[in-house]
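Heads up, the thing below is written out as structure tokens.
Protein chains: 2
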Amino acid sequence: MPKVGMEPIRKAALVKATIVEIGRVGSLDVTVSQIAKRAGMSSALAHHYFGSKEDMFLAAMRHILSLYGAEVRGALTAAHGHEGRLRAVVLANFSAGNFRREVIGAWLNFWVLAQTVPQARRLLRVYQGRLRSNLLASLRPLAGARATELAEGLGAVIDGVYLREALKSGAPDGRAAAGVALNYLNSQLKDFSK
Amino acid sequence: MPKVGMEPIRKAALVKATIVEIGRVGSLDVTVSQIAKRAGMSSALAHHYFGSKEDMFLAAMRHILSLYGAEVRGALTAAHGHEGRLRAVVLANFSAGNFRREVIGAWLNFWVLAQTVPQARRLLRVYQGRLRSNLLASLRPLAGARATELAEGLGAVIDGVYLREALKSGAPDGRAAAGVALNYLNSQLKDFSK
DNA sequence: TTTTTTGTTGATTGACGAGTCAATAAACTT
DNA sequence: AAGTTTATTGACTCGTCAATCAACAAAAAA
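Each protein sequence line maps, in turn, to chains A and B.
Position one of the first sequence corresponds to residue 0 (numbering that gives the first Met the number 0), numbered consecutively onward.
Position one of the second sequence corresponds to residue 0 (numbering that gives the first Met the number 0), numbered consecutively onward.
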């Protein structure tokens, strides 16, 4: 049975299963067996490919983060003007790929993981830094000295909307969620429109 | 040694210890022994007063929530006018009593708990509902039909700022945090000033 | 003063779960 | 063909921890 070249396939399956299970259970208290089972293999194999459960968590985080990054980059290439780019970044945060139950649940739990695991904290900081500089790049020409606080505020709204969504039930409404953040943006920009 | 009337004292000590330990460890993976030790008693006694660990968590949540509620109510009695009351509510969220490391850490983890434990979810919903109606009461006269979305947005900023604070290190700066939320409020209200 | 209630803990139980190991087998290398 | 690497798992170890129990002590009630 052993076909060679399984490693990337197994790893990808495990990463996906990790995210799904964390989202399903709603906490980091998922067993390696649960994850492995969902990924269609034994827990021993999971340990074989990832040294530890923590490694699995970190890989899952990196995966979500890189999907997120790709989505933002993609949105940016299609956007024009400072304001357009701002909107694009905000919208990307609530795109169909990112703003899903399981992913939202995973985010929340990664935040908790970052309290304990330095590596996880670092990853989250990288994400925050990127979001921040993306926003600042377009915000500075529009808001000058106040750009920093606006970026901070926008970031907080986005994270807050994610957090609150985790408490709701039913399918997330990305459009509505994005509306809350865009609303903030519009109102702030109005102060500089002329 | 057994002095009568220990129950409330022991329970209070446990609740306090629970919050501190969750904040310190940064997750819900605290053992009953850890909590009991910090509260100065055996784990058996902790189980004697609270039936289970989950009960302890819920009691800790209720405690934080009631402190929070008291703080908001207090701030409201001293505030004048719709705008004043709005600011008071926002500020209360970042008061010295609420916006502390351990409490912030506990909040984050209670949010996670709410994913799993229905009782915890209910408690969090009650808090959200109160915040919402407090904001709406003062927002409606100022923003009319848009009051709902503003309340939603303001709530998201507040939660977002809490969330982000959990990632930072060092003593939380309540003033700066409140500034982010107030900034949002001011900007939105400007749209209705005349 | 007996009895009951309240406070308290050390020791134990029972379950669960991360990580390891030994064994098996297919696929490549030489 | 012999040897090595890669894939795969069932069984096992070892630790941890929530929850319970048995036992002891002091206070309050009878």
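Idealized CB from N, CA, C, for every residue including glycine.
Whether residue i touches residue j by CB criterion (8 Å)
i	j	result
A:Ala177	A:Val116	no
A:Ser41	A:Glu70	no
B:Gly152	A:Val156	yes
B:Leu85	B:Ser132	no
A:Gly25	A:Ala105	no
A:Leu130	A:Gly96	no
B:Gly39	B:Ala12	yes
A:Asn182	B:Glu148	yes
B:Gly260	A:Leu162	There is simply no residue 260 of chain B to check, as chain B begins at 0 and stops at 193 in what is shown.
B:Leu57	B:Ala113	no
B:Arg9	B:Leu44	yes
B:Leu123	A:Val111	no
B:Gln187	A:Ser168	no
Extent of the continuous alpha helix (DSSP H) run through residue i
i	result
B:Thr115	Arg100 to Thr115
B:Val29	Careful: B:Val29 lies outside any alpha helix (DSSP H) and carries neither H nor E.
A:Asn92	Gly80 to Asn92
A:Phe56	Lys52 to Thr76
B:Ala175	Gly173 to Lys189
A:Ala45	Ser42 to Tyr48
B:Val160	Ala146 to Glu164
Residue i, buried or exposed, once every other Cβ within 10 Å from all chains shown has been counted against 16
i	result
A:Pro171	buried
B:Lys193	The predicted model places B:Lys193 with a pLDDT of 43, which falls under 50 and marks its position as unreliable; any figure quoted below should be read in that light. When all chains shown are included, B:Lys193 counts as exposed.
B:Met0	With a pLDDT of only 46 at B:Met0, under 50, the local geometry of the prediction cannot be trusted, and the value read off the model is given with reservation. Looking at its Cβ environment, which holds fewer than 16 other Cβ atoms inside 10 Å, B:Met0 is exposed.
A:Gly154	buried
B:Val29	buried
A:Phe109	buried
A:Ala180	buried
Closest Cα partner of residue i within the set the options
i	options	result
B:Ala74	B:Ala91, B:Leu64, B:Ile63 and B:Arg61	B:Ala91
B:Thr17	B:Lys52, B:His47 and B:Ile8	B:Lys52
B:Val19	B:Gly68, B:Asn185 and B:Lys36	B:Lys36
B:Phe98	B:Ala165, B:Pro7, B:Ser186 and B:Leu188	B:Ala165
A:Ala150	A:Leu135, A:Glu6 and A:Gly50	A:Leu135
B:Leu141	B:Phe191, B:Thr76, B:Phe49 and B:Leu27	B:Phe191
B:His62	B:Glu101, B:Val14 and B:Val31	B:Val14
A:Val125	A:Leu184, A:Asp54 and A:Gly68	A:Gly68
Any residues in the segment 148–162 of chain A with a beta carbon nearer than 9 Å to a beta carbon of chain B? Which ones, in chain order? Glu148, Leu149, Glu151, Gly152, Gly154, Ala155, Val156, Ile157, Asp158, Gly159, Val160, Tyr161 and Leu162
Pull out every residue of the segment 119–145 of chain B whose Cβ sits closer than 8 Å to any Cβ of chain A, in chain order. Arg120, Leu123, Arg124 and Gln127
Give the residues from the segment 0–31 of chain B that approach chain A closer than 7 Å (Cβ to any Cβ), ordered along the chain. Gly25 and Ser26
Return the residues of the segment 92–116 of chain B that lie within a Cβ-Cβ distance of less than 7 Å from chain A, sorted by chain order. Gly104, Leu107, Asn108, Trp110, Val111, Ala113, Gln114 and Thr115
Note down, in chain order, all residues in the segment 169–186 of chain A with a beta-carbon under 7 Å from any beta-carbon belonging to chain B. Val179, Asn182, Tyr183 and Ser186
Mind checking the segment 42–58 of chain B against chain A and listing, in chain order, the residues whose C-beta falls within less than 8 Å of any C-beta there? none
Select from the segment 62–93 of chain B all residues with a C-beta closer than 7 Å to any C-beta belonging to chain A, and list them in chain order. none
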